[in-house]
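Following the numbering used here, the numbering of the sequence shown begins with 1 at its first residue and continues without gaps.
Right, one structure below, let's go through it.
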Amino acid sequence: MSTALITGASSGIGEAFAQQLAAEKHDLVLVARSQAKLEQLAQDLQSSHGVQVEVITQDLTQADGPTRVWEALQAQGKSIDLLVNNAGFGDYGRFVENSREKQLNMIQLNVLALVDLTTLFLPPMLERGQGQIINVASIAAFQPLPYLAVYSATKAFVLHFSESLWGEYRDRGIEVLAVCPGPTKTNFFNIAGFDPFKSAEEAEKDAVSPEYVVQEALSALKRGEVTIVPGGLSNQVVANVHRFLPRQTIVQAVEKQFRPS
Ligand SMILES: NC(=O)c1ccc[n+]([C@@H]2O[C@H](COP(=O)([O-])OP(=O)(O)OC[C@H]3O[C@@H](n4cnc5c(N)ncnc54)[C@H](OP(=O)(O)O)[C@@H]3O)[C@@H](O)[C@H]2O)c1
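In structure tokens form, the structure reads like this:
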């Protein structure tokens with residue numbers, strides 16, 4: 001039986017990964033801070049799918065968070081076949097007015113924890129000659145976003161890091177996938193303090209479900225793809241517009257669109 005570790009499994013896209021991977025009969029390790037939510041989810045998945053689910057309650061903005069997760073699994077002799085680096089958050093606003101602590105925590109979670117978990121879990125996959133890593137980036141990875149400056153930079157990092165690892169290890173049995181969702185119906189926008197939609201109707205029309213994002217991601221992984229942008233035309237345009245317009249023009253347009261009122 002294969003075991004998948006999912007960070008940020010307590011809600012949104014991470015929870016959808018847990019649901020769909022359990023349905024595919026993977027044993028799971030669920031990581032996030034919300035212990036009660038993780039334990040409830042673990043109980044539900046164990047009884048509905050008959051898989052083993054372990055909960056590790058860990059704040060991954062703590063510098064030793066990834067090591068603690070690794071050590072907890074080492075102590076049980078548990079190996080990980082699929083690592084899903086999904087935990088992340090954004091923070092909207094003018095860079096100089098945003099909380100310094102929140103920006104640094106964002107880099108710690110979206111970038112450093114993701115790299116550190118990969119550093120820990122990739123070598124044993126290489127020894128076994130097989131393994132899979134899914135990193136959740138964003139369509140924010142494809143262009144700079146004024147007023148989400150640190151967030152878009154962290155996601156550009158995740159995209160480049162994932163594609164580089166795919167290039168380095170694809171001949172050694174390792175599959176790496178960068179998932180780049182557009183607006184998705186999760187807690188993300190509440191936590192980022194940002195509502196990109198003009199109305200509830202627009203949000204309903206333009207944002208996809210986390211279940212859809214995960215379906216697309218798992219299908220892309222099975223096809224051996226390196227990057228997937230789930231969603232319709234508008235997401236594909238955002239992900240590809242940098243091929244056709246000068247970067248400066250894009251940044252100016254995005255600045256107008258995202259400028260705080
Ligand atoms: N929703 C979107 O529109 C969208 C679009 C593109 C990309 N994404 C990316 O998708 C990923 C998942 O976000 P989501 O949309 O599903 O949002 P979400 O519902 O807010 O989920 C975020 C998850 O990350 C976990 N998390 C946050 N801080 C953490 C910490 N310090 N340590 C450990 N876990 C932490 C949260 O759990 P706890 O609070 O329990 O710790 C939660 O499970 C993120 O990387 C996000 O950047 C989202």
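Here a beta-carbon is modelled for each residue, glycine too, at the ideal position from N, C-alpha and C.
Given the structure is predicted, the values throughout are model-derived calculations rather than measurements.
DSSP places Thr154 outside any beta strand (DSSP E); the residue lies instead in the alpha helix (DSSP H), whose first and last residues are Ala149 to Tyr169. In the same chain as Ile133, and ignoring 5 residues on each side of it, the C-beta atoms closer than 6 Å to its own belong to Leu83 and Val176, in chain order. For the pair Gly12 and Pro210, the CB atoms are nearer than the 7 Å cut-off. Counting only unbroken stretches of 4 or more residues, the alpha helix (DSSP H) elements lying wholly within the region 51 to 99 are 65 to 75, in sequence order. Proximity of the beta carbon of Arg33 to ligand 1 is indicated: a heavy atom of the ligand is located closer than 6 Å. Remark: the shortest separation between the CB of Asn86 and any heavy atom of ligand 1 falls under 6 Å. Contact check for Phe95 against Ala149 passes: the beta carbons are separated by less than 7 Å.
By the neighbour-count criterion, in which a residue is buried when 16 or more other Cβ atoms sit within 10 angstroms of its Cβ, Ser261 is exposed. Take the alpha-carbon of Asp64 and the one of Glu101: they are about 17 Å apart. Just so you know, the alpha carbons of Ile250 and Met1 end up roughly 46 Å apart. Every unbroken stretch of the alpha helix (DSSP H) spanning 4 or more residues and falling wholly within the region 171 to 241 is given here in chain order: 188 to 192, 200 to 206, 210 to 222 and 233 to 240. By DSSP's assignment, Thr3 forms a beta bridge with Asp27.
Note on geometry: alpha-carbon atoms of Leu126 and Val158 lie some 20 Å from one another. In the structure shown, Gln132 adopts extended strand secondary structure according to DSSP, grouped into three states.
Taking a 10 Å sphere around the C-beta of Asp171, we find fewer than 16 other C-beta atoms and assign the residue as exposed. By the criterion of a C-beta distance shorter than 8 Å, Leu28 is surrounded in its chain by Thr3, Ala4, Leu5, Ile6, Ala9, Ala18, Leu21, Ala22, Ala42, Leu45, Val51, Gln52, Val53 and Glu54, once the five residues flanking it on both sides are discounted. Lys185 is positioned such that its CB atom lies no closer than 7 Å to that of Ala200. In its chain, beyond the 5 residues on either side, Ala203 and Asp206 have a beta carbon closer than 7 Å to the beta carbon of Phe197. When DSSP states are grouped into helix, strand and coil, Ala32 belongs to the strand group.
The closest heavy atom of ligand 1 lies 6 Å or more from the beta carbon of Val208. In this chain, Ile139 is not harboured by any alpha helix (DSSP H), its DSSP state being neither H nor E. Counting every other CB atom within 10 Å of its CB across the protein chains shown gives Asp195 a total below 16, marking it as exposed. Secondary structure of Pro260 (DSSP, three-state): coil. Distance from the C-beta of Leu60 to the nearest heavy atom of ligand 1 is below 6 Å.
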